[in-house]
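All letters in the sequence shown, in the order written, are residues 1 to 132 by UniProt numbering.
Positions of the beta carbon are idealized from the N, C-alpha and C atoms, including for glycine.
None of the values given here were measured: they were computed from a predicted structure.
Notes for the one structure printed next.
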Amino acid sequence: MGGGHMQIGEVADRTGLSLRTIRHYEEVGLALPTARSQGGFRLYTDDDVARLLVIKRMKPLDFTLEEMRDLLSVLDGLRSADTGEAARADLVKRLAVYRSLVEERCAKIRARLSDAEQFSSELAAELREHRR
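Have a look at this one:
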């Protein structure tokens, strides 16, 4: 397939996402394939894969679709050579807000994990007690 394009199956393998999930992200406008083959197959680039991996990282942090769209827009704007200085400054501020949001959500996940590990330890102790 020249030009560095991949079909959806290879993208699924590289990202760990299902074909259905990748298609869903296309349907909701989060990640569109760069091109289509003459036969209509979706064609993706390394940049498309990187975008899907960003989306994959947002999912367990309970980002809404709107938050995902907005953060992807911020990242796209910051990576664009066409973004002016004032717009770039605004994007940096928005990115900082998302960074804080991610830190907050990570702290909540760490607390839930700690609770889960404590519960596992309690069950292990209970199991030891009843195996005697």
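From E66 to V54, what distance separates their C-alpha atoms?
Your numbering for residue 66 matches position 66 in the sequence shown. Your numbering for residue 54 matches position 54 in the sequence shown. CA-CA distance, E66 to V54, rounds to 15 Å.
Per the DSSP calculation, Y44 is bridged to which residue(s)?
Looking up residue 44 in the sequence shown gives position 44. Residue pairing by DSSP places Y44 opposite M6 in a beta bridge.
If you follow the alpha helix (DSSP H) that V74 is part of, which residue opens it and which one closes it?
Translated into positions along the sequence shown, residue 74 becomes position 74. Counting along the chain, the unbroken alpha helix (DSSP H) around V74 starts and ends at 65 to 79.
Mind reading off the beta-carbon distance from L30 to M6? Whole number of angstroms is fine, and I expect it under 8 Å.
Taking the sequence shown and counting its residues from 1, the one referred to as residue 30 is at position 30. Taking the sequence shown and counting its residues from 1, the one referred to as residue 6 is at position 6. Taking C-beta atoms under 8 Å as the contact rule, L30 and M6 fail to qualify, at a distance of about 18 Å.
Could you pull the start and end residues of the alpha helix (DSSP H) that V102 belongs to?
By 1-based counting over the sequence shown, the position of residue 102 is 102. For V102, the enclosing alpha helix (DSSP H) covers residues 85 to 131.
Below 6 Å CB to CB, which residues in the same chain sit around R112 once its five sequence neighbours on both sides are set aside?
Counted from its first residue, the sequence shown places residue 112 at position 112. Hits under 6 Å: none found.
Beta-carbon proximity of Y98 to L71, cut-off 7 Å
Locating residue 98 in the sequence shown gives position 98, counting from the first residue. Locating residue 71 in the sequence shown gives position 71, counting from the first residue. A distance below 7 Å separates the beta carbons of Y98 and L71.
Output needed for L19: all residues of its chain with C-beta closer than 8 Å, excluding positions within five of it in sequence on either side, in chain order.
As a first step, residue 19 must be located in the sequence shown, where it is residue number 19. Here the set comprises I8, G9, A12.
Roughly how many angstroms separate the alpha carbons of S80 and A124, rounded to a whole number?
The count along the sequence shown starts at 1 and reaches residue 80 at position 80. The count along the sequence shown starts at 1 and reaches residue 124 at position 124. Each residue's Cα considered, the two are about 53 Å apart.
With 16 as the cutoff for other CB atoms within 10 Å, does D115 come out buried or exposed?
If you number the sequence shown from 1, residue 115 lands on position 115. Taking all protein chains shown into account, D115 has fewer than 16 neighbouring C-beta atoms within 10 Å of its C-beta and is therefore exposed.
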